[in-house]
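Chains as they are written, first to last, in my numbering: chain A, 1 to 245; chain B, 1001 to 1245; chain C, 2001 to 2245. To start, the structure itself, in structure tokens.
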Amino acid sequence: MFKAKVKADVLKTILDAVSTLVDEAKIQVTPEGISLKAVDPAHVAMVDLSIGKKAFAEYKATDMDMGVDLDKLKDILKLAGAGEMLDIEYKEDQHRLVFKVGHVTRRMALVDTANMGDPKVPNLNLPNQVTVLAKELKNGIRASEAVSDHIALVAHGKTFELIADGDTDQVHLSLSDGDLIKIQAPDKSRSLFSLDYFPNMSKVVGDASPITLHLGTDYPVKLEFDIADGSGHIIYLLAPRIESE
Amino acid sequence: MFKAKVKADVLKTILDAVSTLVDEAKIQVTPEGISLKAVDPAHVAMVDLSIGKKAFAEYKATDMDMGVDLDKLKDILKLAGAGEMLDIEYKEDQHRLVFKVGHVTRRMALVDTANMGDPKVPNLNLPNQVTVLAKELKNGIRASEAVSDHIALVAHGKTFELIADGDTDQVHLSLSDGDLIKIQAPDKSRSLFSLDYFPNMSKVVGDASPITLHLGTDYPVKLEFDIADGSGHIIYLLAPRIESE
Amino acid sequence: MFKAKVKADVLKTILDAVSTLVDEAKIQVTPEGISLKAVDPAHVAMVDLSIGKKAFAEYKATDMDMGVDLDKLKDILKLAGAGEMLDIEYKEDQHRLVFKVGHVTRRMALVDTANMGDPKVPNLNLPNQVTVLAKELKNGIRASEAVSDHIALVAHGKTFELIADGDTDQVHLSLSDGDLIKIQAPDKSRSLFSLDYFPNMSKVVGDASPITLHLGTDYPVKLEFDIADGSGHIIYLLAPRIESE
């Protein structure tokens, strides 16, 4: 059973966070909120999203799974203005989600979850942590896209760096103690990442929100940030590219 | 003879209303205003538009026809801001319309009207009438486009419904007495309509304007609404799709 | 040596002015400011741009040339908001320009200037001058694009005209004494120009800025206007089309 009332913005954040990796997703519903884990087809990036019931204006649910076609969800969200409320209810007999926006009722068939795996979030030992305003990270990523298809993320001491090396051009974002919200990097770490995923992943965070990066050397990066005014949380894991030298 | 001064917005409404059905149109000019009837090439939809001279800042005309290329009219409207005035004059010797916007004079050749018929508006006996805010109808149409290529319009008693049935998904707009401006539907009516025409036709009405639908069973729908602050009026007729069952 | 601090808007104006003609340009740097001359590949249009050091928040330079890839400059400008400052420095050892926007450092390789000529601005004797608000000229050009691929510019006495003659339609902009800022046209001049260049060239001037046209008969037009609050100046030369009659 699942019955909720929620602002369109909250659903939009979930959609943006997940649709950059997959077209369909299995949402896990519990009495306390919803969560979702998904891995992109190339097995390079993973999202682990959870939103507590506090993010909803109304929320009532028992344990269940729902397979959702994200393109359909995108269409449905177009029916609501940013601050508008949606009523959502799971109809078990029809195996459908029923959305109500204003006077419009939209019945959406769910997708079979039998073939959707349950990705396990790997237990990574990432020694360094950097917390930074999302805006700074986004600026670095945007600049990098013009010169290369990958970036290096480096943390050492009190400095965090993002470096993109192109054939002739280079981008270098260097943030030190005062420009960062927090850094803990006793041993220097450095890993390379593809720019195929970073731009869309970082779009989900508001410019003024803090984002935390957990880093190691030639290890995945773990990105963490809150959504829905703190009642939700997103973790992205992104596999490194191995430096060929 | 035709000589007028009019706000760009009024011309734009005419253009939007008609260009969704045809590329060229015959405008009928009288001392009291202009009117226009057009049928789309597939003979599925008809527009019957009239605008009184009160919609014009200045207006002076005798009885005549003008064949207008609507793409050219669109180009000309781009030269004027939304509230800007256009001077329009018919030059008989050149068989041209002359538009003045600011210091720019644009001479536009008219199109031969010999091959443009005079569509007769059929005399339909449509038993049910529903008047609703355009916004509600637009929301229903927009939602429907994602699930199907046609919709059913149903009126019975105090309820008006718009239903789109897709293979797996469904849209249902149900408006009752309090949500409608007016309804008169003693006997239930139901007709199916293609979504090829509805979205563009409904874009012409302002969200906050009332629109009246005249409905029967397996009969055309007649849509009516005012434009240009009530000094103009548009009627659309749209043929039904026959339900195959 | 070249080291400067400048608002993104100033660089954007330079970019817009030049990128309509060429993809790469040689910028000449002196202690007093920068300048740039470029001719489009078809040798139809030339730009001659100069910006004094007053247009920069900080400026320090010795005589030198820099070959710049304009597409890269466009990417770099995307990193800065309209009023945001960029730090620019030439690094001789790397033969690169280094831009700083916020915490992002972008190193851009310069382009070899060996194959970029030094276009000489021809010494033209253009008898007539017209100064007009850029907005009026832009309106005429925009209207003309819909009816023809070229325009005639005519000056005689106290009147300046822009005429586009299409197969059936015509555009005519006629500005007399009171609508012009200044006109001096003792002998009538008339030349034809392609519309391939005019629209982009005129986009560089603000609507409310004066633009001066120097005109002759079957002669190039010279367009002149200030940029960067008067501390910069742009001259365009555009070759005429010869009227075939």
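The C-beta atom is built at its ideal place from N, Cα and C for all residues, glycine as well.
Query	Result
Where N2125 (chain C) falls, given that 16 or more other Cβ within 10 Å makes a residue buried	exposed
Exposure of H214 (chain A), with buried meaning 16 or more beta-carbon neighbours within 10 Å	buried
Short CB-CB distance (under 8 Å) between A2008 (chain C) and chain A	no
Spatial neighbours of E32 (chain A) in its chain, beta-carbon cut-off 8 Å, leaving aside the 5 residues before and after	G52, K53
Element boundaries [beta strand (DSSP E), containing I88 (chain A)]	85-91
Close Cβ partners of A155 (chain A) (< 6 Å) along its chain, the five nearest in sequence each way excluded	N128, V130, A185, S189, L215
Collapsed DSSP secondary structure at K1007 (chain B) in the structure displayed	strand
Under 9 Å by beta carbon: chain B residues contacting Q2129 (chain C)	Within 9 Å Cβ-Cβ: nothing; Q2129 (chain C) doesn't reach chain B, min ~19 Å.
Contacts of L79 (chain A) in chain B (Cβ-Cβ under 8 Å)	N1139, R1142, A1143
A1134 (chain B) and D1048 (chain B) closer than 8 Å at C-beta	no
Close-in-space but distant-in-sequence residues of the same chain around L1180 (chain B) (CB under 7 Å, 5 per side omitted)	V1130, T1131, V1132, F1160
Beta-carbon proximity list for P1220 (chain B), same chain, < 7 Å, skipping 5 on both sides	L1124, L1237, L1238, A1239, P1240
Residue-chain proximity (E1161 (chain B), chain A), Cβ-Cβ < 8 Å	no
Any non-hydrogen atom of the ligand PLP within 7 Å of V44 (chain A) CB	Ligands are entirely absent from the displayed structure, and the ligand PLP is therefore not among its contents.
Neighbourhood of G2232 (chain C) by C-beta, 6 Å cutoff - its chain only, sequence neighbours within 5 removed	I2051, A2055
For I2235 (chain C), the nearest candidate out of C:M2201, C:A2228, C:D2229, C:E2224 (CA to CA)	C:E2224
Exposure label - K158 (chain A); buried when at least 16 CB within 10 Å	exposed
Cβ-Cβ distance between K2003 (chain C) and E2092 (chain C) below 8 Å	no
Distance between D1009 (chain B) and D1167 (chain B) (C-alpha atoms, nearest Å)	41 Å
Contacts that T168 (chain A) makes with chain C (C-beta to C-beta distance below 7 Å)	A2109
Where D1298 (chain B) sits in the DSSP three-state scheme	Since the displayed chain B opens at 1001 and closes at 1245, residue 1298 (chain B) lies outside it and no answer follows.
With 16 other Cβ atoms within 10 Å as the buried cut-off, status of H2043 (chain C)	exposed
Under 7 Å by beta carbon: chain C residues contacting V1104 (chain B)	N2139, G2140, A2143, V2171, L2173
Rounded separation between L1086 (chain B) and E2136 (chain C) - CA only	16 Å
Cutoff 8 Å: D2179 (chain C) Cβ touching any chain B Cβ	yes
Test item: CB-CB of A57 (chain A) and V2104 (chain C) under 8 Å	no
CB contact flag (A109 (chain A), D1169 (chain B), <8 Å)	yes
Backbone CA spacing between L192 (chain A) and L21 (chain A) [nearest angstrom]	19 Å
Straight-line Cα distance separating D1016 (chain B) from L2173 (chain C)	27 Å
CB contact below 8 Å: E2058 (chain C) versus chain B	no
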